[in-house]
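Working notes for the structure below.
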Amino acid sequence: MRTAKLCLLICLLSFPVKSEYFGRNKVQYDDFDFKVLNTRQFMIFYYPSEEDASKDAGQMLERWHSRFKAVFDRSLPKKQPVLLYANHADFQQTNAISEIIPQGTGGVTEGFMNRIILPLTGVYSENDHVLGHELAHAFHYNIMKESPAGIGGAQQIPLWFIEGMSEYLTIGSFSPQTAMWMRDAALNKDIPTISQIGSDTRYFPYRYGHALWAYIGGTYGDQVINLLFHAVLKQGWYQGIKNVLGKSVDSVSGDWQRSIREKFSFDIARRDKPSETGKGLIEDGEVNLSPVISPDGEMIAFLSTKDLFSIDLFLADVKTGKVTRKLVSSETDQYFDALQYMSSSGTWSPDGQRFAFTVFKEGDNAISVLDIKTGKIIKTFKLEGVDHVEHVSWAPDGERLAVSGTSGAISDLYIYYLDTGRKQRLTSDKYAELHPSWSPDGRSIVFATDRGSETDFDSLRFAPMKLGVLNLDNGNISLISMTAWAKHINPQYSPDGSSIYFISDADGFSDIYRYSILTGQFFRITRIATGVSGLTDLSPALSVAGKSGRTVFSIYDKSSYRIRSFESSQTTGELFTPDKQAYLQIIKLPPVKSENSIVDEYLGKSSSGLQNKFSIKDYNPRLGLLYVGQLYTGLSADPLGVGVGGGVSFLFSDILGDHLLGLGAQINGSLRDFGAEGFYLNMDKRINWGLVLSRIPYASTYTEVQDDTATVNGEVSEVQKITFTDQRVYDNQIGFLTEYPLSSNRRVELSGSYTRLSYDFKTEEISAQSGRVVKRRTSTLEAPSSLNLFRAAAAYVGDFSYFGFTGPVSGRRYRLELEPTAGSLLFTTALADYRQYFFFNPFTLAFRFFHYGRYLRDSENSRLSQLFLGYETWVRGYSIYTYDLTDCSSSDDYENCPEFQRLIGSRIGIFNAELRFPLLGNEQFGLLNFPYLPVDLLAFFDGGVAWSKKDIPVPKLVQSSNERIPVFSAGAGARINLFGLLVLQIYYAYPFQRTDRDGHWGFFFAPGW
């Protein structure tokens, strides 16, 4: 029983409520003055700079709602909240989503308050698609809430089912982008089964799910969409598909695979394989994007995930394809927060000495200029009045940049003068203007645009991208296009200015074309079976050297993006005549003939469902119920009495997520075990602050059994006396906390609290004979006097780390903290924690240096529990559960046992080193591709020392000593990610300072440090 008592002595600590120990920051750089735009079905939350675009978005949403009514046979039951942001940098600041939002996220629909949150892009057709996609999810959540499983049922539905449906409902069965992905799968004989799409991360659920839903809708009719969704919610997706479609999942899967194989194998039969097109330059890795060739054609800058965990900017030699160095890493650069990579590329100065590119900086987009020779950032600047910078192009005179950007979610072209910082606006309209590129004489700019008669902002009908040529002398814009039905993007002038190269899918395949300015003819240069493409269908993927004419481009091949090149002599091309029927046949997803296509029909009616009656009011935050923790109750009874238990928690939020209120209560045992906590968190400014009020009882019971005598029926008899010691500590606390994020990686934390710790100790003695209670006595023990503690804390936190499956594998993280305490006790706690992770793909070498200690007058007070070095997350091999009195060399008492006491103190210092290796993971990170149960192997070396003010450590590296020496251990183990819920670590440790003990096994639940 003394072990239990010792455990309490070590473990019972009371800490104030604090911020997250590590983690990156969501920084609210801007104060958004939100308004509320009400339509018939929607409450749209926006801010004034984006009002015009938000009104148009409201009309698009009403149109999508009328379309989806035909699919789901219902309207949304109440007004749907939609939060619109003018650009992605603003969107990343939203508090409606608590997680850090990556660049690749175009929108989110969350299920608890059923909010749609998304950024506008400046391209109306893109806005329309994302609004529809997210609204489809809002319909999904509304239907789920009526099902027995509620929105929790979404966890049982494969991602392809939900995301693929949303893509199909908003794109239909004609899609050049999805068709390109399916051609790649057919070409490489890698068409997945339906089960693989749902479980194998190699298969992107949006694209493959889109193709699968196009097949289901085209084969069985779009009327099955609603039936199938309801069936899957009730019966699971395997049984639901079988009951609605009349075939098993495997049978449907085989039919779909066959249709993909037959249709796309025919389409690619007369096309060139990606490996047969030009010369391969950058082919390692999955993501190699936005190649930009130097004016002399000797070097390229490109974006890549060569370091696996981030997209960085690299420099490579065009002749050899060898990567010469990394130019910029967004995670270590002091000049900006992140590189922009989704739909942007950089630009070389005419002399090839500098490179400009777009970045995220302090909540906005900015332009950074890099000196190629030194690798240093020369300057980083923002364009006043331009919220979002998408593309930049350096003028031939070296003094100007052409910029495509948005203001208030409306896209326009600008010129920026590098010497003076002056900005000149070239366009001012709702049309999209992307990918500007200068003519060799600097008198015109060619760009991609949706302007023209096919675009109508009254009916919100948008044409595919054409090429526009802006004459800087008179401001006139002339349009160039092969067809009215295909995209034309990423234009680049030839060195002599006689031709314009661009990317188009005029024949259904995304290829490189050449337009002859002299003859007005179009020539097709590539005939790739897959396509020339970046991450999205509007991403830049082509670059032509301004002097040599050498061309580089990215292609989609084997589910990856690779960079290839042409010499100037290879870019003449063949004369091309577009054929709309051939185009439609290529981009049609199987089946070739669709039955009862409700979706394709409504997508062809742009004016149907529009509604332009709005009302606008100011936004006033009101709290609404966001989440209810599961209510539970219980009743227990035993010979000692009756106990009750139960608990419930509530979380409230306003629509924007700027204000959170949490309330919780729990009882476990009796009324004196009632605990409650409430907090309020305000995040509507850059400084986040909160208040906490709590009462938390900590109960512990110790049992001691011994032989005794008692009078039973008038006779003295032998009995067994059981003594229950019931100890309770009541932690009553009021506190505040603040956080000021310096960037997405660094923050300052301040907090303070008042804590009152009170105690209640009781014992109950029971004498029992033959299992029958013969005597019972309860008494109250003298408890310590209450403690009144006033705490203040300040911390500086940095987190630049990247996680694998079970812990960090790259980068670094650190925390420095001081916490003075006054009142009944006076002491200061100091913490220093630094962790570094060196990634040598696939290995990680990890180091941790850690100190935690109490200082000043009462740092050794007996009322404060000691620190224990042998926690398994600190130094393995010395766990308290592995000790007994045989470990003690000179005592039969733990309190006088030197082998145990050297692990206890008021101050500790720890060093850890680990070599980590992913055994089971995915194709990108793991020796074996088994993502269902990721496993990392590790070898470790742990060391540490504990001491106190009067009992300082002895710096001896010996195995056996009665002195307070450092202790070390080494061993190996594995960390196992249990379905994304917990990380289990199993280890074998050999403790060097326990000579009478061999190594032993242990396990605990915690991610890698």
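Residues 4 to 1012, numbered by the working numbering, are exactly what the sequence shown covers, in order. Where is the CB? At the ideal position from N, CA and C, for every residue including glycine.
Query	Result
Rounded straight-line distance, which links the Cα of Ser502 to that of Asn1014	The structure shown has nothing for residue 1014, since the chain only spans 4 to 1012.
Lys591 classed as buried or exposed, judged by whether at least 16 other C-beta atoms fall within 10 angstroms	buried
Close beta carbons around Asp476, own chain, < 7 Å, minus the five adjacent residues each side	Arg446
Whole runs of the beta strand (DSSP E) within the stretch 501-569, excluding any shorter than 3 residues	502-507, 514-519, 525-527, 545-547, 554-560, 563-569
For Leu906 and Gly644, the rounded distance between their alpha carbons	Because the pLDDT at Gly644 is just 48, under 50, the model does not fix this residue reliably, and the point stays unresolved.
Where Leu960 falls: helix, strand or coil (DSSP)	coil
Identity of the residue in Phe793, Phe933, Leu745 nearest Pro366 by Cα	With the sequence shown as reference, residue 366 is identified as Gly, and Pro is not the correct amino acid for it. Out of Phe793, Phe933, Leu745, Leu745 has the C-alpha closest to the C-alpha of Gly366.
For Gly644, three-class secondary structure by DSSP	Note that Gly644 scores a pLDDT of 48, beneath 50, so its modelled location is shaky; the value from the coordinates is reported in the next line. In the structure shown, Gly644 sits in a strand (DSSP, three-state: E or B).
Candidates Arg689, Asn671, Val392, of which the one nearest Pro700 by Cα	Asn671
Buried versus exposed, by CB contacts within 10 Å (16 or more), Gln62	buried
Residue(s) in a DSSP beta bridge with Tyr586	In DSSP, Tyr586 forms no bridge with anything.
Simplified DSSP state of Leu613, which is helix, strand or coil	coil
Residues near Gln106 by beta carbon distance below 6 Å, same chain, minus five either side	Met345
8 Å Cβ cutoff, Arg27 in contact with chain D	The structure shown has no chain D; it contains just one protein chain.
Helix, strand or coil at Tyr223 according to DSSP, with G and I counted as helix	helix
Proximity of Thr847 and Pro937 at Cβ, strictly below 8 Å	no
Three-pair Cβ contact test at 8 Å for the stretch 937-952 versus the stretch 764-776	no
Alpha carbon of Lys282 to alpha carbon of Lys325, nearest angstrom	13 Å
Which of helix, strand or coil DSSP assigns to Leu638	Note on Leu638: pLDDT 47, under 50, position unreliable in the model; no value is reported.
For Lys952, the nearest candidate out of Phe75, Asn864, Asp945, Leu87 (CA to CA)	Asn864
When Met168, Ile154, Ala214, Gly511 are compared against Val631, the one with the closest alpha-carbon	Ile154
3 or more residues per run - each beta strand (DSSP E) lying fully within the stretch 180-235	none
Minimum C-alpha distance to Arg866 - residue among His136, Tyr762, Gln226	Tyr762
DSSP-derived helix/strand/coil call for Asn98	coil
Segment contact, 8 Å Cβ cut-off, at least three pairs: the stretch 437-456 with the stretch 156-165	no
Alpha helix (DSSP H) segment containing Gln260, residue limits	252-270
Bridge partner(s) assigned by DSSP for Asn368	Phe363
6 Å Cβ shell around Trp216 - same chain, five flanking residues per side excluded	Gly167, Met168, Tyr171
Length-filtered (3 minimum) beta strand (DSSP E) runs lying within the stretch 744-790	749-772, 775-784
Segments assigned beta strand (DSSP E), at least 3 residues, entirely inside the stretch 687-746	691-715, 718-744
C-beta atoms of Gly537 and Ser293 nearer than 8 Å	yes
For Arg328, the first and last residue of its enclosing alpha helix (DSSP H)	Segment 326-331 is the beta strand (DSSP E) holding Arg328; no alpha helix (DSSP H) there.
Cα-Cα separation between Ser639 and Ser673, rounded to whole angstroms	The predicted position of Ser639 is uncertain, since its pLDDT is 46 and thus under 50; no value can be drawn from it.
Terminal residues of the alpha helix (DSSP H) in which Phe71 lies	54-75
Proximal residues to Gly1002 (C-beta, below 7 Å), its chain only, five neighbours per side dropped	Gly974, Tyr991, Ala992, Tyr993
Those runs of the beta strand (DSSP E) which lie wholly inside the stretch 911-986 and span at least 3 residues	938-950, 970-981
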